[in-house]
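Counting with the numbering used here, you get residues -18 to 274 for the letters of the sequence shown.
Beta carbons: idealized from backbone N, C-alpha and C, even for Gly.
Here is the structure we will look at, set down as structure tokens.
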Amino acid sequence: MSPQLVVGRPRLADFVELTKPRITLMVVLTAGIGALLGTAGELPPLLVLHALLGTAMVSAGASALNQVLERDTDARMRRTADRPIPAGRLSAGTGWAFSLVISTLGVVYLGLAVNWLCAALGLAALLSYVLLYTPLKRSSSLSTLVGAVPGAVPPMMGWAAVSGRLDPGAWALFGILFFWQLPHFFAIAWLLRDEYGEAGFPMVPVVDTDGGRTARQMIFYSLLLLPVSLLPTWLGLAGPVYLVGATALGLVLLALTIDFGRRRTRPAARRVMRFSILYLPAVLAVLLLDRAI
């Protein structure tokens, strides 16, 4: 069946896929963590629900806009060629309309139902992801660093939703997510470096033929993550349980990045990637456990 014929019959599943639901779920969860930690007294459930819904809409819209803008490069990568737009199940025009509507509604909803600081953070994350990170992927290896910024904003949105301000604790959560993303994404990019190269993305693992630069950056950002991840304890948001747990998790991640630096093999990169996937929910779970004790 030709793509033109398929385009005429969009499915709900295709619109859901445009939103990158796994990423949107992670965004919502980290925003929820920010709300829990930013609440001075009793958690306002309705306000938090509004914040999470609006945050999900902004995240979904940003992911959809990213897929519209990258439809040509997505078509050249095996991992993304079956996405709704490059596969021809949705037209670019439909993708534009859907993504602009849902992201705009998300920002406005946050402003009206939550507060305008939360909405401003959502808008900043959306614009930096779409207008800075997405085009920069085609021209500079700095794209990974830039892309980590909007990825670290959601917990600040949750914090701002319940407090109306950005305290040091909100910035600590931002730092944890920011530095965690870098070894995580470098490991993924190393594993997919051939596909990224064919798509024309000059990411560090693509232009770094022997893996030395990739390894140094993974180790560097893992080193920075370790003290930053302990900020909740130093700021009084957590106690010794979190201190021990976050230290142990950070040291394991650092050890795995060092191991990748020594070996520079796909299995070593895969170990970094797999543990980094576990690291974030684990460190956040330990943080919540410490708060609950």
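Taking the alpha carbon of L172 as the reference point, which residue from T75, M138 and F241 has its own alpha carbon closest? F241
Between P116 and the rest of its own chain, which residues show a CB-CB distance below 8 Å, the 5 nearest in sequence each way excluded? L50
May I ask which residues mark the beginning and end of the alpha helix (DSSP H) holding G220? Segment: none, G220 is in no alpha helix (DSSP H) and carries neither H nor E.
Within 8 Å, strictly: CB atoms of P213 and A153: yes
Please check the pair M184 and T246, which I expect to be a contact at CB under 8 Å, by giving their CB distance rounded to whole angstroms. At roughly 18 Å, the Cβ-Cβ gap does not stay under 8 Å, so M184 and T246 are not in contact.
Determine whether the beta carbon atoms of L230 and Y260 lie at a separation below 8 Å. yes
Under three-state DSSP, which class holds D271? helix
Taking only the alpha-carbon atoms, compute the straight-line gap between A56 and A68 and give it to the nearest angstrom. 7 Å
Per DSSP, what kind of secondary structure is T214 in: helix, strand or coil? helix
Select from S122, S144 and L211 the residue whose C-alpha is nearest the C-alpha of G226. L211
Got a sec? Which residues, its chain only, sit under 8 Å from M137 by beta carbon, not counting five neighbours each side? G15, L102, L147, A151, W152, L154 and F155
Would you check whether the ligand SAH has a heavy atom nearer than 7 Å to the C-beta of L235? Here there are no bound small molecules, and the ligand SAH is not part of this structure.
Helix, strand or coil, according to DSSP, for R252 in the structure here? helix
Roughly how many angstroms lie between the CA atoms of Q198 and S120, to the nearest whole one? 19 Å
Any idea if L93 is buried or exposed, counting beta-carbon neighbours within 10 angstroms, 16 or more meaning buried? exposed
For the segment 74 to 81 and the segment 2 to 11, state whether three or more C-beta atom pairs, one from each stretch, are separated by less than 8 Å. no
Is the beta carbon of L268 closer than 8 Å to that of Y202? no
Work out the CA separation of Q162 and D131 for me, nearest whole Å. Looking at the sequence provided, one finds Pro at residue 131 rather than Asp. Taking the straight line from one Cα to the other gives about 11 Å.
Quick one: what's got a C-beta closer than 6 Å to S144's C-beta in the same chain, skipping five residues either side? G19
Three-way DSSP call (helix, strand, coil) for T115 in this model: helix
Using only the alpha-carbon positions, how far apart do R251 and R243 sit? 14 Å
Along the chain, which unbroken stretches of the beta strand (DSSP E) at least 3 residues long are found entirely within the segment 113 to 189? none
In the DSSP assignment, the alpha helix (DSSP H) including N96 goes from what residue to what residue? It is not in any alpha helix (DSSP H) - N96 carries neither H nor E in the DSSP assignment.
Close-in-space but distant-in-sequence residues of the same chain around D(-5) (CB under 6 Å, 5 per side omitted): P65, R70 and L71
Measure the Cβ-Cβ separation of M254 and H165 and say whether it is below 8 Å. yes
Could you check what DSSP says for E(-2) in three-state terms: helix, strand or coil? helix
Any idea what DSSP makes of L24, helix, strand or coil? coil
Rounded C-alpha distance that separates T85 from A236: 42 Å
Other residues of its chain near D169: CB distance less than 7 Å, five sequence neighbours each side excluded: Inspection of the sequence shows that residue 169 is occupied by Ile rather than by Asp. Only M254 meet the Cβ criterion.
Closest Cα partner of I239 within the set Y177, Q48, A45 and R194: R194
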